[in-house]
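First comes the structure, then the notes that go with it.
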């Protein structure tokens with residue numbers, strides 16, 4: 006009978022290299038996931054701010070609110086505190102008013118999350 010001296014399996018060095026590769030790949034996957042989660046939170050905040058600006062512009066167009074030359078007001082919307090700034094300016098057509106709405110987070114350091122410009126019929 007003949008004995009085989011070859012051993013099956015991996016050496017310690019091969020296992021260590023495989024673990025190092027796995028660790029690097031895991032770290033990069035974790036970093037990418039963390040980045041996506043951070044973007045998702047910002048995206049939802051910007052979406053809510055855009056909805057708030059759209060709602061206010063539609064209220065102005067429907068005549069539910071009167072446009073003012075400049076106004077800043079805190080608003081509670083979707084369970085969050087916001088700061089809505091509206092500014093009215095003359096449009097190239099004298100029959101129109103230009104409205105610029107900015108929505109910011111209402112925090113110690115407000116960050117602008119949405120900006121919307123639209124036109125209203127100028128009422129005498």
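In my numbering, the protein residues as written are 6 to 129.
We treat Cβ as the ideally placed atom computed from N, Cα and C, and that holds for glycine.
- A residue is called buried once 16 or more other Cβ atoms fall within 10 Å of its Cβ, and residue 22, having fewer, is exposed.
- About 5 Å separates the CB atoms of residue 92 and residue 75; that is less than 8 Å, so the two are in contact.
- Short of 6 Å from the beta carbon of residue 80, and not among the five residues preceding or following it, lie these beta carbons of its own chain, in chain order: 87, 89.
- When the five nearest sequence neighbours on each side are left out, the beta carbons in the same chain lying within less than 6 Å of the beta carbon of residue 55 are those of 119, in order along the chain.
- By the Cβ-count criterion, residue 26 is exposed, with fewer than 16 other Cβ atoms from all chains shown falling within 10 Å of its own Cβ.
- For a cut-off of 8 Å, the C-beta gap from residue 105 to residue 122 is around 5 Å, short enough to register as a contact.
- Collapsing the DSSP output to three states places residue 83 in coil.
- Shown here, residue 100 sits in coil according to DSSP, grouped into three states, outside any helix or strand.
- Rounded to the nearest whole angstrom, the CA to CA distance from residue 16 to residue 33 is 26 Å.
- The beta carbon of residue 94 is closer than 6 Å to those of 103 in its chain, skipping five residues each way along the sequence.
- Secondary structure note for residue 46: its alpha helix (DSSP H) is the uninterrupted segment 17-66.
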